[in-house]
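Chemist: Starting off with a structure, shown below.
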Amino acid sequence: GTTQSGIVYAAGDGDTFFFTEAIEGPNTTIIKWLDENGVEQQKVKASSGEICDVDNSCAGGSVIAFDQGTKGNGKAISARRSDELKALGVPEQADGYNFVSLGFGGSITIELSNMVVDQPGNDFILIETSFRDANRPCSTYPETADVYVSQDGQQFILVGEACKDTEFDIATAGLMDISYIKIVDTSDPADFRGKADGFDVDGIACLNMFSSQSAPFAQRLSENNVPDEEGEQGVVTFPNPFREEIAVTMEVEVDGGFDLIVHDLFGAEVYRGETTSSFGQIRAEIDARNFADGTYMLTIVAKDKSMRTTHLMIKR
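Here the numbering used here is used: the first residue of the sequence shown is 15, the next is one more, and so on.
Put into structure tokens, the structure is as follows:
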């Protein structure tokens, strides 16, 4: 009562198996093949009616190797964009640092949570994280990566190139099943400014799941507000010299709480305030109407004491 057709996926010594969607109740399968003489053969096989629950979710299970590259300017990528475990599990597709940056020329090798069998059409999707560009073409910010698949974690075969979220068909590599995926950044540093850090991996998910406990991965075109490029600038105050208000911005490594303290040239504290960073940036305003004309020192201190920096300001 269906139009399913299966393909060979595992050949053994004496037995050959193929994979089809499980259908409840007794069913009959007609198997046809060509023998060594090119003559078509046929066998009719009745099923037991038992449902086979196949977990084909294919999320990343563990990181086998991680060789991170650098930013386009040759500097190291910050810690918050370097956690390789962020590539595991079901892709989050959400705001925040839910990804790992490969860096230019960097790579990551992932062992999947289970063996994934080739099925008709594309089999898995690689989710990349980029800044507010879910609907923009690849050419607007061409972070790319070559994607390889493997059965044993030793021999890898190229299955295609990724740019943004990209789907792949295991059959393209000539394989019937895979257990490993390797992602190698191929972005050209010449296409970016110096602070860019290559392809960002959010995770891997299957597109075909013949399972009574799972449903195919639903791709969401969400927009991540984490910048594509890690900032390196220090404290910026505007205007400087200032009059009544001071706008303070600073890019930081870790999100959290910060104290803003202003001293005059004699060391007297004239202002103290608090702020929090969001997506790696501090934004705050200081009311300076009661400040006398002169030179001041702004000090920004992280609540956990992990960061402290100062900045000179002038009121006229």
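Beta carbons are placed, not taken as given, at the ideal position from N, Cα and C, and that holds for glycine.
Note that the coordinates shown come from a computational prediction; the quantities given were computed from them, not determined experimentally.
Hey, does L221 have any beta-carbon neighbour from chain B nearer than 9 Å?
Modeler: Of the chains in the structure shown, none is chain B; there is only one protein chain.
Chemist: Among E142, E299, Q165 and Q56, which residue has its Cα nearest to the Cα of P156?
Modeler: E142
Chemist: Per DSSP, G331 forms a beta bridge with which residues?
Modeler: This structure cannot settle anything about residue 331, because the visible part of the chain is limited to 15 through 330.
Chemist: If C72 sits next to N128, beta carbons under 8 Å apart, how far is it from one beta carbon to the other, in whole angstroms?
Modeler: 7 Å
Chemist: Report all residues from its chain with a CB closer than 8 Å to the CB of T180; omit the five preceding and five following residues, and keep chain order.
Modeler: Only I139, L140, E142, V161 and G174 meet the Cβ criterion.
Chemist: Write down every uninterrupted run of the alpha helix (DSSP H) in the region 183–226 whose length is 4 residues or greater and which is fully enclosed by it, in chain order.
Modeler: Secondary structure in the region 183–226: no alpha helix (DSSP H) run of 4 residues or longer lies completely within the stretch.
Chemist: In chain order, what residues of the same chain lie with their CB nearer than 6 Å to the CB of T290, ignoring the 5 residues before and after it?
Modeler: G271
Chemist: Can you tell me which residues form a DSSP beta bridge with I275?
Modeler: I275 is bridged to R286 and T313.
Chemist: Report the rounded CA-to-CA distance for G1 versus E125, giving the unit in angstroms.
Modeler: Residue 1 lies beyond the stretch modelled for the chain, which goes from 15 to 330, so this question has no answer here.
Chemist: Would F80 and D211 be called neighbours here (beta carbons separated by less than 9 Å)?
Modeler: no
Chemist: State the CB to CB distance for the pair M190 and V131, rounded to an integer number of angstroms; the pair is presumed to be in contact (CB under 8 Å).
Modeler: With a Cβ gap of about 7 Å, M190 and V131 count as contacting.
Chemist: Check this for me: beta carbons of E258 and D214, under 9 Å apart or not?
Modeler: no
Chemist: Could you tell me the alpha carbon to alpha carbon distance between S201 and S121, rounded to whole angstroms?
Modeler: Distance between the alpha carbons of S201 and S121 is about 12 Å.
Chemist: What whole-angstrom Cβ distance do K317 and D273 have, given they're in contact under 8 Å?
Modeler: 7 Å
Chemist: What is the DSSP secondary structure of D94, reduced to helix, strand or coil?
Modeler: First, the amino acid is wrong: residue 94 is Arg here, not Asp. Three-state DSSP puts R94 in a helix.
Chemist: According to DSSP, what are the bridge partners of V58?
Modeler: I44
Chemist: Near P105, what residues of its chain come up, given a Cβ to Cβ distance below 6 Å and the 5 sequence neighbours on each side ignored?
Modeler: I141, D216, G217 and A219
Chemist: Would you grab the beta carbon distance between T251 and M321 for me? Rounded to a whole angstrom, and I think it's under 8 Å.
Modeler: The pair is not a contact, with the Cβ atoms about 17 Å apart (cut-off 8 Å).
Chemist: Distance, Cα to Cα, F305 vs R95?
Modeler: 40 Å
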